[in-house]
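Participant: Sharing a structure here in structure tokens format.
Protein chains: 2
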Amino acid sequence: MQVKVVSNILEANEAHAGVNRQRFKNNRVFVLNLMSSPGSGKTSILERTIDHIKGLLRIGVIEGDIYTAKDAERIGEKGVPVVQINTKGACHLDANMIACALAELPLDQLDLLVIENIGNLVCPAEFDLGEDIKAMVLSVTEGNDKPLKYPLMFREAKALLVNKMDLISFTDFDLDLMEKDIRGINPDGKIFLMSAKTGEGFEAWCRWLYHQVQAKKEKSSVTASG
Amino acid sequence: MQVKVVSNILEANEAHAGVNRQRFKNNRVFVLNLMSSPGSGKTSILERTIDHIKGLLRIGVIEGDIYTAKDAERIGEKGVPVVQINTKGACHLDANMIACALAELPLDQLDLLVIENIGNLVCPAEFDLGEDIKAMVLSVTEGNDKPLKYPLMFREAKALLVNKMDLISFTDFDLDLMEKDIRGINPDGKIFLMSAKTGEGFEAWCRWLYHQVQAKKEKSSVTASG
């Protein structure tokens with residue numbers, strides 16, 4: 289019975305996600321769903337990412353939080369359009385919440401929309417939002433055992449941002465073991481070693497992200513003219 | 289409709305939790321539900337806690353993980369009875385999972401049962417397992433903004449273990465602000481500043497926990513003889 293209920297919720301979400309995906313395609317906007325545990329550094333990474341590429345791409349942000357608008361305020365200071373979703377207790381964003389938030393964004397004037405999901409390593413991975421790619425953050429202070437303990441999100445992420453590299457020497461985080469575990473469940477995911485504090489790794493990450501956005505634009509141009 | 293479904297699941301859980309609670313009472317075992325984000329250090333704290341008080345109390349552990357038995361193996365090395373629950377995707381432990389795990393534990397020979405919940409700052413707080421108290425871990429590397437962003441768990445925790453204090457000087461974690469935020473939602477919760485790496489704070493935490501366990505035993509003796 290419970291499985292049935294969950295399956296219906298996911299099916300309904302899938303339908304909403306399909307509508308979102310078509311809308312993103314029509315507007316030629318690339319959408320990144322950014323996920324992680326609480327406190328891994330999603331917002332800090334996003335702040336630096338915006339600094340790096342806002343000269344190249346028009347960026348918008350949807351901030352997901354259970355309560356508070358703290359993260360949206362931080363992103364708003366970067367001078368990009370941002371919408372806060374407060375789920376009031378719910379542990380993940382779903383496609384319908386995104387559809388509602390889109391009404392507040394100038395979608396046709398954006399190249400890249402970043403959705404910062406609820407801090408939760410489990411539930412958000414199950415809900416398609418209509419995004420082009422999922423990326424996730426793992427901070428080294430969380431430990432290298434997370435990929436095998438929370439495999440769904442690590443499997444689905446097209447990019448893994450290993451954050452807080454400035455602290456790695458104070459931890460027992462084993463990069464080789466983590467990479468081996470990741471490769472066992474996600475052979476093609478890109479791994480970026482980063483620090484939102486020092487800026488390490490942002491050039492490579494932002495270059496890769498820029499190329500993802502451009503690739504979608506080129507593909508949709510071909511489709512439109514073909 | 290969705291609200292109704294969720295409410296039914298929580299009601300069913302409440303009934304199972306009541307049965308667990310009576311069983312714990314009959315066996316005079318004190319039960320601690322330990323919660324946090326992934327990678328805050330629940331298992332490391334538990335390892336040190338066992339080292340500190342296994343001479344005083346008979347301890348058993350239920351380890352909750354989505355996949356793997358890594359944590360149960362770590363705890364098993366401490367020489368205490370441990371049962372692993374693998375939820376296979378589910379984001380929290382529920383009271384029925386605990387009821388099943390209890391069949392594998394010598395409950396009448398324990399003073400303290402610790403349930404290490406799934407690493408998730410959201411969902412586990414909603415599910416009563418029949419425990420005597422909830423405690424939670426927040427590591428300083430996660431940031432001091434977590435109490436207001438995830439208030440339910442911080443409100444319900446009778447003890448907050450602030451872990452990784454050995455790293456605080458490398459972060460911008462503001463202890464005063466965190467305490468102020470906690471006091472706004474949970475005026476009576478005990479706060480322990482700790483490091484599972486250095487051992488800081490364990491004496492105070494273990495003394496407090498020991499007294500909680502003894503208080504339940506004394507209360508149940510009075511009830512039994514009264």
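So the protein sequences, as listed, match chains R and B. For what it's worth, my numbering labels the leading residue of the first sequence as 289, then goes sequentially. For what it's worth, my numbering labels the leading residue of the second sequence as 289, then goes sequentially. A virtual CB, placed ideally from N, CA and C, is assigned to each residue, including glycine.
1. Any idea which residues DSSP pairs Ser324/R with across the strands?
2. With a CB to CB cut of under 8 Å and the five nearest residues on each side skipped, what residues in its chain are close to Met482/B?
3. Counting along the chain, where does the alpha helix (DSSP H) carrying Cys378/B start and finish?
4. Measure the alpha-carbon distance for Asp399/R versus Glu299/R and round it to whole angstroms.
5. What's the call for Asp464/B, buried or exposed, on a 16-neighbour Cβ count within 10 Å?
6. Taking only beta carbons into account, state which residues of the region 474-498 of chain R come closer than 8 Å to chain B, listed in chain order.
7. Who are the Cβ neighbours of Asp416/R in its own chain at under 7 Å, not counting the five residues just before and after it?
8. When you compare the CB of Val410/R with every CB in chain B, is at least one pair closer than 7 Å?
9. List the DSSP bridge partners of Asp353/B.
10. According to the neighbour-count rule (16 or more other Cβ atoms, all chains shown, within 10 Å of its Cβ), is Lys422/R buried or exposed?
11. What residues from chain B crowd round Asp433/R, counting only those whose CB sits closer than 7 Å?
12. Taking C-alpha atoms, which residue in Gly329/R, Gly367/R, Asp359/R lies nearest to Lys342/R?
13. Consult DSSP for Leu447/R and reduce its assignment to one of helix, strand or coil.
14. Could you tell me the alpha carbon to alpha carbon distance between Phe442/R and Leu381/B, rounded to whole angstroms?
15. Since I believe Leu455/R is in contact with Thr429/B (beta carbons under 8 Å), could you give me their beta-carbon distance rounded to a whole number of angstroms?
16. Would you please verify whether the beta carbon of Gly327/B is less than 7 Å from any beta carbon of chain R?
17. Measuring only between beta-carbons, confirm whether Phe458/R sits less than 7 Å from chain A.
18. Considering only the alpha carbon of each residue, which of Lys434/R, Thr486/R, Asp359/R, Asn474/R lies closest to Phe458/B?
19. What residue does the beta strand (DSSP E) around Lys478/B start on, and which one ends it?
20. Can you tell me the Cα-Cα spacing of Cys411/B and Asn474/B, whole angstroms?
21. When you compare the CB positions of Gly431/B and Gly327/R, do they come within less than 7 Å of one another, or not?
22. Give the DSSP-derived three-state secondary structure of Val368/B in the structure shown.
23. Taking Cβ-Cβ distances below 7 Å as the criterion, which residues of the region 345-372 of chain R are in contact with chain B?
24. Take the Cβ of Lys468/R as the centre, count every other Cβ of all protein chains shown within 10 Å, and call the residue buried at 16 or more, exposed below.
25. Can you list, in chain order, the residues of its chain with a C-beta nearer than 6 Å to that of Val319/B? Leave out the 5 residues immediately preceding and following it.
26. Please state the DSSP three-state secondary structure of Gly418/R.
27. Determine whether the beta carbon atoms of Asp433/B and Lys358/R lie at a separation below 7 Å.
28. Does Lys422/B get closer than 7 Å to chain R when you measure Cβ to Cβ?
29. Which residues in the same chain have their Cβ closer than 7 Å to the Cβ of Gly477/B, if we skip the five residues on either side of it in sequence?
30. Chain R partners of Leu449/B, CB-CB under 9 Å?
31. If distances are taken between C-alpha atoms only, which option among Asp353/R, Ala413/R, Ser509/R, Val371/R comes closest to Gly377/R?
32. In angstroms with no decimal places, state the Cα-to-Cα distance between Glu404/B and Arg336/R.
33. Applying a beta-carbon distance threshold of less than 8 Å, which residues of chain B neighbour Glu379/R?
34. Mark Gln397/R as exposed unless 16 or more other C-beta atoms lie within 10 angstroms of its C-beta, in which case mark it buried.
35. In whole angstroms, what is the alpha-carbon distance linking Val510/B and Gln500/B?
36. Could you tell me which chain R residues have their CB closer than 7 Å to the CB of Glu430/B, listed as they occur along the chain?
Facilitator: Short version:
1. Gly407/R, Val425/R
2. Ile333, Leu449, Val450, Asn451, Met453, Glu488, Gly489, Phe490, Trp493
3. In the sequence as displayed, the identity of residue 378/B is Ala instead of Cys. Ala378/B -> no alpha helix (DSSP H), and no H or E assigned at all.
4. 29 Å
5. exposed
6. none
7. Asn301, Glu302, Ala305, Ala383
8. yes
9. Asn374/B
10. buried
11. Lys358
12. Gly367/R
13. Correcting the residue type first, residue 447/R is Ala in the shown sequence and not Leu. Three-state DSSP puts Ala447/R in a strand.
14. 21 Å
15. 7 Å
16. yes
17. This model lacks chain A altogether, as its protein chains are R and B.
18. Thr486/R
19. 478-481
20. 19 Å
21. yes
22. coil
23. Asp353, Ile354, Tyr355, Thr356, Lys358
24. exposed
25. Phe312, Leu401, Glu419, Asp420
26. coil
27. yes
28. no
29. Ala445, Lys446, Ala447, Leu448, Ile470
30. Within chain R, no residue comes near Leu449/B; the closest Cβ sits about 15 Å away, beyond 9 Å.
31. Asp353/R
32. 35 Å
33. Contrary to the premise, residue 379/R reads as Cys rather than Glu in this sequence. Here the neighbours are Cys379, Asn408, Val410, Cys411.
34. exposed
35. 16 Å
36. Pro326, Gly327
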